[in-house]
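Heads up, the sequence shown is in UniProt numbering, so the first residue is 1 and it goes up one at a time.
Working notes, structure below.
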Amino acid sequence: MTHLVVLQHLEREGPGRFGEEARRRGWTVTVCRPDRGEPMPRLGPDQALLVLGGPMGVGDIGSPSFPWLAAEVALLRECLECERPVVGLCLGAQLLAFAAGGQVVPLTAGDPPVRAYEVGWGPVDWIRSEDQEPVLTGLGVGLPALHWHGDRIRLPATAVLLGSTPLCAEQMFRIGHHAHGLQFHVEVTDAALEVWLEEDGDYVRQALGPDGVEQIRAGRERWGEEGERQGRRLINNLLDRVGALLGGYPLI
């Protein structure tokens, strides 16, 4: 049986639609909570890794508040070295890029540049075609996605850029053919989004202004249905890739 091991860093940010689609395939989904003191998983030959988001970042590695971040980066490096299937979402994508030799910097915009945040709904435009990248099959011109970040990934030389937005170029990438990073969110259910808005409303208002929460809800009305359709297609494309790659990995 195929196993998806999930690293979750915050109660409100669970595997969501990724978990739903994996279970629909009959896969086992196991959630590990390093933020609660749980040890890093030892991955077997039939296991892939999904790394979720959170408000912490690469700059917090070594902080006593997040002692597990360094171990998580070490696990990602081991996965890269042995070509184990990995998907990173938001923070997970940032940690994946960092583990491969990339950087994560504050997002800026304008001339002169000022601090910026990408929060809300907007399309991710594909840099490569589905003929070049099977994980993009059936996604059309752009994917309406939920964005929720204030950092930008500087990709390592080994990465291939797959998707961008005007504000933040590095939206989706792969390293080799086994590791994929998504800066945006396709996993968030409508119910989870309401929890995000309640618990992280100050961050939304900082990014979008006093009516930021209402903007997010309006964006969901406009983009949510198509975003879910395409998002689930992308999730399943990624899971197809994971399923094809699994097998024959050493225990790490």
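Ideal Cβ placement from N, Cα and C applies to all residues, glycine included.
### Query
Exposed or buried, R84, counting other C-beta atoms within 10 Å across all chains shown (16 or more means buried)?
Under this definition R84 is a buried residue.
### Query
Going by the beta-carbon positions, is the gap between L107 and A116 smaller than 9 angstroms?
Contact flag set, yes.
### Message
Considering just the uninterrupted stretch of the alpha helix (DSSP H) at G142, what are its terminal residues?
### Response
Segment G142 to H149 is the beta strand (DSSP E) holding G142; no alpha helix (DSSP H) there.
### Message
Give me, in chain order, the residues of the same chain whose beta-carbon lies closer than 7 angstroms to that of G54; leave out the 5 immediate sequence neighbours on both sides.
### Response
So the list reads H9, L10, E13 and L91, once near-sequence residues are dropped.
### Task
Could you check if residue 261 is buried or exposed, using at least 16 other CB atoms within 10 Å of its CB as the buried criterion?
It is not possible to answer for residue 261, since the shown part of the chain is limited to 1 through 252.
### Task
For C168, I'd like the list of residues in its chain whose CB is within less than 7 angstroms of its CB, leaving aside the five on either flank, ordered along the chain.
So the list reads L107, E118, R152 and Q183, once near-sequence residues are dropped.
### Rounded separation between F24 and I235 - CA only
Looking at the sequence itself, residue 24 is Arg, so the reference to Phe does not match. Taking the straight line joining both Cα atoms gives about 12 angstroms.
### Query
So the beta strand (DSSP E) E118 belongs to, where does it begin and stop?
First-last of the beta strand (DSSP E) with E118: E118 to W126.
#### Entry: Paired residues, beta bridge with H3 - DSSP
In the DSSP output, where bridge partners are listed per residue, H3 has T28 and Q47.
### Query
CB-CB under 7 angstroms to R33, same chain, minus the five flanking residues each way: which ones, in chain order?
The beta carbon of R33 is closer than 7 angstroms to those of Q8 in its chain, skipping five residues each way along the sequence.
### Query
DSSP three-state call for L136: helix, strand or coil?
Reduced to three states, the DSSP call for L136 is helix.
### Task
Find out if the Cβ-Cβ distance for the pair L69, G88 is shorter than 9 angstroms.
Judged by their CB atoms, L69 and G88 are not nearer to each other than the 9 angstroms cut-off.
### Query
What residues are listed by DSSP as bridge partners for I153?
According to DSSP, which records beta bridges pairwise, I153 is partnered with V104.
#### Entry: Whole-angstrom C-beta distance between L246 and E21, which should lie under 8 angstroms
Wrong, their Cβ atoms sit about 16 angstroms apart, outside the cutoff.
### Task
Could you check if E170 is buried or exposed, using at least 16 other CB atoms within 10 Å of its CB as the buried criterion?
Buried is the label assigned to E170, since at least 16 other Cβ atoms lie within 10 Å of its Cβ.
### Message
Between the alpha carbons of T165 and D125, how many angstroms are there, rounded?
### Response
Rounded to whole angstroms, T165 and D125 show a C-alpha spacing of 6 angstroms.
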